[in-house]
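Trainee: Sharing a structure here in structure tokens format.
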Amino acid sequence: MAAIPPDRTGSMPGTEPGPRPSPYPTTTPAPDLLSVPVPAPMPPPRFYSEGYITSAARSGVNPHHGDYESPIDEEPPFIPGHGHVSPKQLPPAARRAWSAVDTTTTTIRPPSQRPSGISSTASIFRNRGQHPDEEVGGCYPAKEVTIKDRICEIRWTWFTMTMATGGVANVLHSIPYNSDWLSGIGLAFFFLNICLFITNCVLISLRFHWRPGSFVDSFTEQFESLFISSIIVSTATIMITICQYGVPHVGPWLLSTMEFFFWLYVGVSTVSSAGLYLTLWSTQVFPIHTMTPVWVFPAYPLLLAAPFGSNLISAASRTGRISEINTVSIAMAAITAQGTGFLIAFMINAAFLYRLMTQKLPRDNQRPGVFISIGPSGFTAAGIVSLGSLTSEIFPRDFMGTEHAVYILRLMAYMVGLWLWGLSVWFFLVSVGSLFKYISPEKQENFRFQMTWFSFVFPNTALVTATEALGGAFDSDGLKIFGCVLAGGIVVVWVLVFSRMMVNLWRREL
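Under UniProt numbering, residues 1 to 510 are what the sequence shown spells out, in order.
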């Protein structure tokens, strides 16, 4: 007679089924053999309890998508673990938790290792002696960090330094109370900015040469891609200061050269802003709750079109060569490009206000980016008012068939400039207020240096130049003095930020 196999409960057919064994610890005992024990709540898997997912959340990573929590996160997305662990080496509960994570963008790495496309604020030199190939337990020998390794950490954010330096030179030239010592300081910043710009270009070119593919990767890396336009803005600050410090003391050839570069700049800034935004929209995802004014940065080159055009026309006027350039075309092109950039920035700033109302202020490492919101209205006000003060030299008397067109345009420029200047002052107050909590020494520990600290300088130069332009337009001594006070503060802030950068370079933290 064939043996009857037991059923799934482990009992022979015709007998009472025994209790089903439970893989979980129980808290309620079974009242009889027919009842199944009530399992206790399953403890969190070791994958969670050991801090893998929680560490990812603290680092700004969505554990289910692997995306940055913010486009300017200081720490890139990585999940700390003990060595290079694969999912198959994890316990069963951990493997089930791992299956819910998008491993295409989130990988387990030792704490000393970070993704290849990291920002300059999260440098490999923060922990000296550690190398991306070094295990936590010292399984691999530490590799000495060389000069080449440090150069390969240069990012587009380094051009914010030249933006700020050129902005300071522009501010010093805009001060209405001229003197030889003030012009000397402005010239020093002008030449320093050129040297720093050339140095940055050489270093970042070496990075792209020594790390093949890093140039293309910089256009798709969420943090770095937003700052690619900083090299274009740095170029604009150099050309603006050339119009201020160079054209009045050089022959007419430099004026013609600057006119050529103005048209080239307008074309490059328009194409680059559209191209960068298309690249970002095609390769990146920026959730609205992570929004910061850094989103405006690809459009920033457009915001210097009016200041460039007004300084070019002003330089031609001071040298008596106003007839050698096409002033009407320059003014119209400058206003068109400036208006485009301002409207883009205005719409993005609206999203920023929505983000502030729903998510509060940005995190500590994002606070410098708040100052970027000052620039769009400040640069537009400065450019429009400066062009308005030159209307009698830009446009003919019978422009648009009426003798009063010049006066109407000047009045409109002053009123629009005053309106936008007020918006810039408001954003300045909000930005400064966002730093109030860092007066406490305990809070300063979380406010580590990064190259985006130069955002404390460059956007504020727009407010200073707009203030000085309005002071000259309305012949207001109060606005002129206020602008001088702001200019002095800008110089002090630049010195502090630049000194902090040099200290971090010396400590090998950049």
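For each residue, glycine too, the CB sits at the ideal point set by N, CA and C.
1) Buried or exposed: which applies to VAL296, given that a residue is buried once 16 or more other Cβ atoms fall within 10 Å of its Cβ?
2) Which residue's Cα is closest to the Cα of LEU496: MET451, PHE260, ILE231?
3) Could you tell me the boundaries of the alpha helix (DSSP H) in which ILE394 lies?
4) Excluding the five sequence neighbours on either side, which residues of its own chain have a C-beta within less than 6 angstroms of the C-beta of THR380, listed in chain order?
5) Taking only the alpha-carbon atoms, compute the straight-line gap between ARG318 and VAL250 and give it to the nearest angstrom.
6) Going by DSSP, what residue range makes up the alpha helix (DSSP H) through LEU182?
7) For the alpha helix (DSSP H) that contains MET501, what are its first and last residues?
8) Take SER174 and list the residues in its own chain whose beta-carbon comes closer than 6 angstroms to its own, dropping the five residues that flank it on each side.
9) Between which residues of its own chain and PHE427 is the CB-CB distance below 6 angstroms, once the five residues before and five after are set aside?
10) Using the Cβ count rule (16 or more neighbours within 10 Å means buried), how would you classify SER179?
11) Look up LYS148 in the DSSP assignment and say whether it is helix, strand or coil.
12) Within 10 angstroms of the Cβ of LYS360, are there 16 or more other Cβ atoms? Answer buried if so, exposed if not.
13) Return the CA-CA distance between PHE346 and PRO376, expressed in angstroms with no decimal places.
14) Please look up how many angstroms separate the CB atoms of ALA169 and GLY186, rounded, as I've assumed it's under 8 angstroms.
15) I need the straight-line Cα distance from GLU144 to THR279, nearest angstrom please.
16) Suppose contacts are defined by Cβ-Cβ distances below 8 angstroms. Is ASN349 in contact with PRO287 by that definition?
17) On the CB-based measure, 16 or more other CB atoms within 10 Å of its CB, does SER455 come out buried or exposed?
18) Locate the alpha helix (DSSP H) running through MET332, then write down its first and last residues.
19) When the Cβ atoms of the stretch 239-259 are set against those of the stretch 305-319, are three or more pairs found closer than 8 angstroms?
20) DSSP three-state call for TYR245: helix, strand or coil?
21) Determine the contact status of ASN504 and PHE449, defining contact as a CB-CB distance below 8 angstroms.
22) By alpha-carbon positions, which one of GLY471, ILE240, VAL233, ASP477 ends up nearest to SER269?
23) Where does ARG155 land, buried or exposed, given buried means 16+ other C-beta within 10 angstroms?
24) Can you give the Cα-Cα distance for residue 541 and PRO441, rounded to whole angstroms?
25) Rounded to a whole number of angstroms, what is the C-alpha to C-alpha distance between ILE490 and GLY483?
26) Taking a contact to mean a Cβ-Cβ separation below 8 angstroms, would you say PRO298 touches ILE240 in this structure?
27) Considering only the alpha carbon of each residue, which of GLU221, TRP158, TRP210, LEU226 lies closest to ASN193?
28) Cα separation between THR160 and PRO301?
29) For a test of the three-state rule: what should DSSP assign to LEU304, helix, strand or coil?
30) With distances taken between CB atoms, is the gap from SER273 to GLY383 smaller than 8 angstroms?
31) Do you know how far the Cα of PHE223 is from the Cα of ALA122?
32) Helix, strand or coil, according to DSSP, for PRO298 in the structure here?
33) Assuming LEU418 and LEU470 form a contact by the criterion Cβ under 8 angstroms, report the distance between their Cβ atoms to the nearest whole angstrom.
34) Look at GLU370 and SER431 and say whether their C-beta atoms are less than 8 angstroms apart.
35) Could you check what DSSP says for GLU153 in three-state terms: helix, strand or coil?
Mentor: According to the structure data:
1) Translated into the one-based positions of the sequence shown, residue 296 becomes position 296. The residue is buried, with at least 16 neighbouring Cβ atoms inside 10 Å.
2) For the purposes of this step, residue 496 is taken as residue 496 along the sequence shown, with counting starting at 1. If we check each option's Cα against that of LEU496, MET451 comes out closest.
3) What you label residue 394 is simply residue 394 of the sequence shown in a count that begins at 1. Note, ILE394: alpha helix (DSSP H), 391-394.
4) Stepping through the sequence shown from its first residue, residue 380 is reached at position 380. Once the five neighbours on either side are set aside, the close Cβ partners of THR380 are GLN338, PHE342, LEU420.
5) Position 318 of the sequence shown, counting from 1, holds the residue named residue 318. Position 250 of the sequence shown, counting from 1, holds the residue named residue 250. ARG318 and VAL250: Cα-Cα distance of roughly 12 angstroms.
6) What you label residue 182 is simply residue 182 of the sequence shown in a count that begins at 1. Looking at the DSSP string, the run of the alpha helix (DSSP H) that includes LEU182 is 180-210.
7) Working through the sequence shown from its first residue, we reach residue 501 at position 501. Where MET501 is concerned, the enclosing alpha helix (DSSP H) stretches over 477-506.
8) For the purposes of this step, residue 174 is taken as residue 174 along the sequence shown, with counting starting at 1. Taken in chain order, the residues that qualify are THR465, GLU468.
9) Numbered from 1 along the sequence shown, position 427 holds the residue referred to as residue 427. The residues are SER373, ILE374.
10) Here residue 179 is taken as the residue at index 179 of the sequence shown, counted from 1. Answer is exposed; the Cβ neighbour count stays below 16.
11) On the sequence shown, residue 148 is found 148 positions in, with the first residue counted as 1. Helix.
12) Indexing the sequence shown from 1 puts residue 360 at position 360. Exposed, by the Cβ-count rule.
13) In the sequence shown, residue 346 corresponds to position 346, counting from 1. In the sequence shown, residue 376 corresponds to position 376, counting from 1. Rounded to the nearest angstrom, the two C-alpha atoms are 8 angstroms apart.
14) Translated into positions along the sequence shown, residue 169 becomes position 169. Translated into positions along the sequence shown, residue 186 becomes position 186. With a Cβ gap of about 5 angstroms, ALA169 and GLY186 count as contacting.
15) To locate residue 144, count along the sequence shown from 1; it is residue 144. To locate residue 279, count along the sequence shown from 1; it is residue 279. Distance between the alpha carbons of GLU144 and THR279 is about 36 angstroms.
16) Counted from its first residue, the sequence shown places residue 349 at position 349. Counted from its first residue, the sequence shown places residue 287 at position 287. Inclusion of ASN349 and PRO287 in the CB contact set at 8 angstroms is not warranted, their separation being larger than that value.
17) Within the sequence shown, residue 455 is the residue found at index 455, counting from 1. Burial call: buried.
18) Translated into the one-based positions of the sequence shown, residue 332 becomes position 332. Taken as a continuous stretch (DSSP letters only), the alpha helix (DSSP H) holding MET332 covers 327-359.
19) yes
20) For the purposes of this step, residue 245 is identified with residue 245 of the sequence shown, where counting begins at 1. Reduced to three states, the DSSP call for TYR245 is helix.
21) Reading the sequence shown from its first residue, position 504 is the one you call residue 504. Reading the sequence shown from its first residue, position 449 is the one you call residue 449. The answer is yes: Cβ separation under 8 angstroms.
22) As a first step, residue 269 must be located in the sequence shown, where it is residue number 269. Nearest option by C-alpha distance: VAL233.
23) The residue given as residue 155 occupies position 155 in the sequence shown. Label assigned to ARG155: buried.
24) One cannot answer for residue 541 here, as it falls past the ends of the chain, which runs 1 to 510.
25) Within the sequence shown, numbered from 1, the residue matching residue 490 stands at position 490. Within the sequence shown, numbered from 1, the residue matching residue 483 stands at position 483. Straight-line Cα distance between these residues: approximately 10 angstroms.
26) As a first step, residue 298 is located in the sequence shown; it is residue number 298 there, counting from the start. As a first step, residue 240 is located in the sequence shown; it is residue number 240 there, counting from the start. Their beta carbons are not under 8 angstroms apart, which means PRO298 does not touch ILE240 by this criterion.
27) Within the sequence shown, residue 193 is the residue found at index 193, counting from 1. For the residues GLU221, TRP158, TRP210, LEU226, the minimum Cα distance to ASN193 belongs to TRP158.
28) On the sequence shown, residue 160 is found 160 positions in, with the first residue counted as 1. On the sequence shown, residue 301 is found 301 positions in, with the first residue counted as 1. When rounded, the separation of the alpha-carbon atoms in THR160 and PRO301 is 13 angstroms.
29) In the sequence shown, the residue the question calls residue 304 occupies position 304. If DSSP states are grouped into helix, strand and coil, LEU304 belongs with the helices.
30) Walking along the sequence shown from the start, residue 273 turns up at place 273. Walking along the sequence shown from the start, residue 383 turns up at place 383. No, Cβ-Cβ distance for SER273 and GLY383 is not below 8 angstroms.
31) Position 122 of the sequence shown, counted from the first residue, corresponds to residue 122. Position 223 of the sequence shown, counted from the first residue, corresponds to residue 223. With a pLDDT of 38 at ALA122, under the threshold of 50, the modelled position of that residue is not reliable, and no figure is offered here.
32) In the sequence shown, counting from the first residue as 1, residue 298 sits at position 298. For PRO298, the secondary structure class from DSSP, reduced to helix, strand or coil, is helix.
33) Mapped onto the sequence shown, residue 418 falls at position 418. Mapped onto the sequence shown, residue 470 falls at position 470. Going by Cβ atoms, the distance from LEU418 to LEU470 rounds to 6 angstroms, so yes, they are a contact pair.
34) Sequence index remark: in the sequence shown, residue 370 carries index 370 (1-based). Sequence index remark: in the sequence shown, residue 431 carries index 431 (1-based). With the sequence shown as reference, residue 370 is identified as Val, and Glu is not the correct amino acid for it. Note that the C-beta distance between VAL370 and SER431 is below 8 angstroms.
35) Indexing the sequence shown from 1 puts residue 153 at position 153. Coil, per DSSP.
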